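Number of protein chains: 2
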Amino acid sequence: MTVHALPASSVPAGSPDPALDPVPLDPASLDGAGRKGRLHGAAVALLRERIVSGAVLPGAFLREKELCEELGISRTPLREAIRTLASEGLVRLAPNRGAVVSALDFSEVEALYQAVGQVEAGAAKLACRVGSDAEIAEIRVIHHQMMILYVRRDLPEYLALNQRIHRGIVTASHNPVLLELWELLAPRVRRARGLANHDPARWDAAVREHEEMLAALTARDGARLSALMEPHYLNGLTVIKAAAERAG
Amino acid sequence: MTVHALPASSVPAGSPDPALDPVPLDPASLDGAGRKGRLHGAAVALLRERIVSGAVLPGAFLREKELCEELGISRTPLREAIRTLASEGLVRLAPNRGAVVSALDFSEVEALYQAVGQVEAGAAKLACRVGSDAEIAEIRVIHHQMMILYVRRDLPEYLALNQRIHRGIVTASHNPVLLELWELLAPRVRRARGLANHDPARWDAAVREHEEMLAALTARDGARLSALMEPHYLNGLTVIKAAAERAG
DNA sequence: GGCCGCGAGCGTGCATACAAATTCCGCGGG
DNA sequence: CCCGCGGAATTTGTATGCACGCTCGCGGCC
């Protein structure tokens, strides 16, 4: 797993000292997901993307001073950003010793997928009961768009729409707590997914499962949709397990 | 809105100005649940207890300066504490407008109970599969202790053991993510429970359900235990709904 | 030669000062 | 009498300085 040892992926190698190049933040990371102030939310988004994408390795320490100079912000918003990441489970906080990017062994991923599957299964039951026709129709539209990307073998865009479908089902449950749990786990899922290169056979199977899921959702068969979604994530676990065993 | 006239439950009324009485924090709140430093963790525990117990009403603003003077700490750890509470869903963060204690109407509680029931149902299945005999035996012990408190009509202690049983089942699932989700939701559950005075009829029904749950757990019948636990919370919802309708 | 104690360096935890944003109150105009 | 507007006060967001705790390396001791 050759991840670059260079901690910063966004800073070009032109300026040797990041402190002399105080670009206040990458404006591209200024998405609407920021919670409070602009700096805090931007720092969360940037660091989260770095961890999820694997730009920083598990076990790496997040030193405040270093990140402050790199991002061009102060320690106060950075500390709050790190705390937010800790609540998402991406980093672990050691008392008086800072934050370390959490490990991601196979058992953790298995537990994560079980939990997400359970959340989605519960949301699926509710979505079939209380979801609006418009919401289900939108999911169907995204599904078909995703199928186009499947035949085109456009994996990144496929995964993006895939996530939107799953999120849409949880949203259709009209249960803000389930949605909150799902949003909390979503970054970790994206991170785990990056561990294994997507297996073509698994991709085909996942598409078939999605076809069945859409049918169950259209029929508003909550029990069937729930039974389909709960193992949906676990089915993909075998690929990750194989990759983890190859990597040691 | 008449939020508590007495801001501090721990500060005796002897000193009119809390700023002149910088008791650094109530040592009783210095429990081990604190995450990082002592001040931050203690502030979290104290504020959380206040919200859960209803000492501060929904919709009340958490003004930083006021709480700082009252707790005798600075704004930095207090802000991190508020952020932790926000991640637990006890307060909501408004950009540039501070933190407000989240509302708790019936639909929110219903969503919360559905979510917690789903998490516990998933954990129940796993606990029956991978839980150790020692863990199940401990749950059985607590169950019997709880039954003693039931016949004694000792509601507070009963609820404490009740929570330990539910937590024990999630722990026995050996799934740290499910446990994390459960711990995240637990304060909100305790808070919602305080809304309604416990109904005797519901108490009897809950005890019968717990008897069935213990039987299913002892038999390691995951499907049955899961089917029992998922509606277990929702059954108690009717009492809260009645209380909410009485209160308007 | 190996083990223990100790001090320097580093990094986090906390406190405080400054700045931006929002809200509320008062005033003038319609 | 109601609405719009401007300024001051309050409150959050950010930056920075100080102090404690931890780690690690060196010197002394067994």
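If you read the protein sequences in the order shown, they are chains A and B. Read left to right, the first sequence gives residues 146 to 393 (our numbering). Read left to right, the second sequence gives residues 146 to 393 (our numbering). The C-beta atom is built at its ideal place from N, Cα and C for all residues, glycine as well. Quick caveat, the model's predicted, so the values are computed rather than measured.
Do you know how far the Cα of residue 268/B is from the Cα of residue 303/B?
22 Å
Cβ-based contacts, 9 Å cut-off: residues of the stretch 265 to 297 of chain B near chain A
266, 267, 268, 270, 271
Could you spell out the range, first to last residue, of the alpha helix (DSSP H) harbouring residue 226/B?
220 to 232
Let me know the secondary structure DSSP gives residue 239/A once reduced to three states.
strand
Counting C-beta neighbours from all protein chains within 10 Å, is the total for residue 195/A 16 or more, i.e. buried, or is it exposed?
buried
Could you name the residues of the same chain whose beta carbon sits closer than 7 Å to that of residue 324/A, not counting the 5 residues immediately before and after it, in chain order?
315, 316
Which residues in the same chain have their Cβ closer than 7 Å to the Cβ of residue 384/B, if we skip the five residues on either side of it in sequence?
341, 344, 347
Within chain A, the residues that residue 232/B reaches when beta carbons sit closer than 8 Å
229, 232
Among 200/B, 370/B, 377/B, 284/B, whose alpha-carbon lies nearest the alpha-carbon of residue 270/B?
370/B
CA-to-CA distance, residue 367/A to residue 298/B, given in whole angstroms:
40 Å
According to the neighbour-count rule (16 or more other Cβ atoms, all chains shown, within 10 Å of its Cβ), is residue 293/B buried or exposed?
exposed
At the level of alpha carbons, what is the spacing between residue 155/B and residue 192/B?
Residue confidence is low: residue 155/B scores 37 on pLDDT, short of 50, so the model does not pin down where it sits. Its coordinate-derived value is still stated next. Rounded to the nearest angstrom, the two C-alpha atoms are 12 Å apart.
Should residue 203/B be flagged as near chain A, meaning a C-beta pair shorter than 8 Å?
no
Taking only three categories from DSSP, how would you classify residue 330/B?
helix
Look up residue 245/A in the DSSP assignment and give the residues it is bridged to.
206/A, 237/A
Using 8 Å as the threshold, is the stretch 210 to 218 of chain A in touch with the stretch 248 to 264 of chain A, meaning 3 or more CB pairs across them?
no
Unbroken alpha helix (DSSP H) run spanning residue 349/B, endpoints
345 to 363
Answer yes or no: does any C-beta atom of chain B fall closer than 8 Å to that of residue 225/A?
yes
Between residue 235/B and chain A, is there a C-beta pair that is closer than 8 Å?
no
Inter-stretch contact (C-beta, 8 Å, three-pair minimum) for the stretch 329 to 340 of chain B and the stretch 255 to 264 of chain B
yes
Within chain B, the residues that residue 380/A reaches when beta carbons sit closer than 7 Å
Near residue 380/A there are no residues of chain B at all, since even the closest Cβ is about 16 Å away, more than 7 Å.
Cβ pair residue 311/B, residue 275/B closer than 8 Å
no
How about residue 300/A and residue 290/A: do their beta carbons lie closer than 8 Å?
no
Excluding the 5 residues preceding and the 5 following residue 176/A in the sequence, name in chain order all residues of the same chain whose CB lies nearer than 7 Å to its CB.
Here residue 176/A scores only 36 on pLDDT, less than 50, and its place in the model should not be relied on; the value that follows carries that caveat. If we look at residue 176/A and ignore the five residues flanking it on each side, its Cβ neighbours are 190.
CB contact check: residue 322/A to chain B, cutoff 8 Å
yes
Output, in chain order, the set of chain A residues within a Cβ distance shorter than 9 Å of residue 221/B.
221, 224
Supposed close pair residue 238/A, residue 246/A - CB separation, criterion 8 Å:
Contact doesn't hold; Cβ gap of about 11 Å is too wide.
Check whether the Cβ of residue 382/A lies closer than 7 Å to any heavy atom of the ligand SAH, and answer yes or no.
Ligands are entirely absent from the displayed structure, and the ligand SAH is therefore not among its contents.
Measuring alpha carbon to alpha carbon, tell me which residue in 339/A, 382/A, 354/A, 209/A is nearest residue 372/A.
354/A
Selection from 220/A, 211/A, 352/A, 283/A that minimises the alpha carbon distance to residue 402/A
An answer regarding residue 402/A cannot be provided, because it is not within the stretch 146 to 393 covered by chain A.
Any beta carbon from chain A within less than 8 Å of residue 328/B's own beta carbon?
no
Going along chain A, which residues have a C-beta under 9 Å from residue 209/B?
Those do not exist, as residue 209/B stays about 13 Å from chain A at its closest Cβ, beyond 9 Å.
Could you run through the stretch 245 to 265 of chain A and flag, in chain order, every residue whose CB is less than 7 Å away from some CB of chain B?
256, 257, 259, 260, 263, 264
DSSP three-state label for residue 371/A, please.
helix
8 Å Cβ cutoff met for residue 225/A and residue 224/B:
yes
If I measure Cβ to Cβ from residue 339/B and keep anything under 8 Å in the same chain, skipping five residues before and after, which residues do I get?
197, 198, 199
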